[in-house]
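Reading the sequence shown from the start, the letters are residues 3 to 111 in the working numbering. Just so you know, even glycine gets a beta-carbon here, dropped at the ideal spot from N, CA and C. Contents: one structure, followed by commentary.
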Amino acid sequence: MATYVFRCAECSDFEVVQPMSAVRPTHPCPGCGGPSRRVFTPPALRTTPAGLHRAAEAAEASAEAPQVVHSLPGGAPRPRSRRWSPFTGAAPVAADRRPAGPHQPLPKP
Numbered sequence: 003m004a005t006y007v008f009r010c011a012e013c014s015d016f017e018v019v020q021p022m023s024a025v026r027p028t029h030p031c032p033g034c035g036g037p038s039r040r041v042f043t044p045p046a047l048r049t050t051p052a053g054l055h056r057a058a059e060a061a062e063a064s065a066e067a068p069q070v071v072h073s074l075p076g077g078a079p080r081p082r083s084r085r086w087s088p089f090t091g092a093a094p095v096a097a098d099r100r101p102a103g104p105h106q107p108l109p110k111p
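Below, the structure written as structure tokens:
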């Protein structure tokens, strides 16, 4: 079902919810019963996900009245993992098993 806006010359604008196949260029006014013409408006499209939309609204609202946080939110603790290194990856690897890289090895003293 789509929502259409109609404008009566004597009354004001009003909305009509009906299927797209049933819409006509005129509709009787619910106030005075006279004919009213359809007003073309931009479609109400929401392209952002609902969670992102709520987060953007919360951020906009907190610009005027920020909420002060006194502690971290509760929940399950994050799993502890080994530290990552750009040289060894997630876990240390013995030098003799490490794959050869594109660089020359350092000279031995």
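| Asked | Found |
| --- | --- |
| Between the C-alpha atoms of T50 and M3, what's the straight-line distance to the nearest angstrom? | 21 Å |
| Are the CB atoms of P16 and P32 nearer to each other than 8 Å? | It should be noted that the sequence gives Phe, not Pro, for residue 16. A contact, by the Cβ cut-off of 8 Å. |
| CB V41 to CB V7, shorter than 8 Å? | yes |
| DSSP on A4, reduced to helix/strand/coil? | strand |
| Give me, in chain order, the residues of the same chain whose beta-carbon lies closer than 7 Å to that of R9; leave out the 5 immediate sequence neighbours on both sides. | D15, S38, R39 and V41 |
| Closest by CA to C13, which one among G35, V19 and A24? | G35 |
| Suppose only complete runs of 4+ residues qualify. What are the alpha helix (DSSP H) ranges in the stretch 26–67, listed by chain order? | 52–66 |
| For T28 and A63, what's the separation of their Cα atoms in angstroms? | 41 Å |
| With DSSP as the reference, label R9 as helix, strand or coil. | strand |
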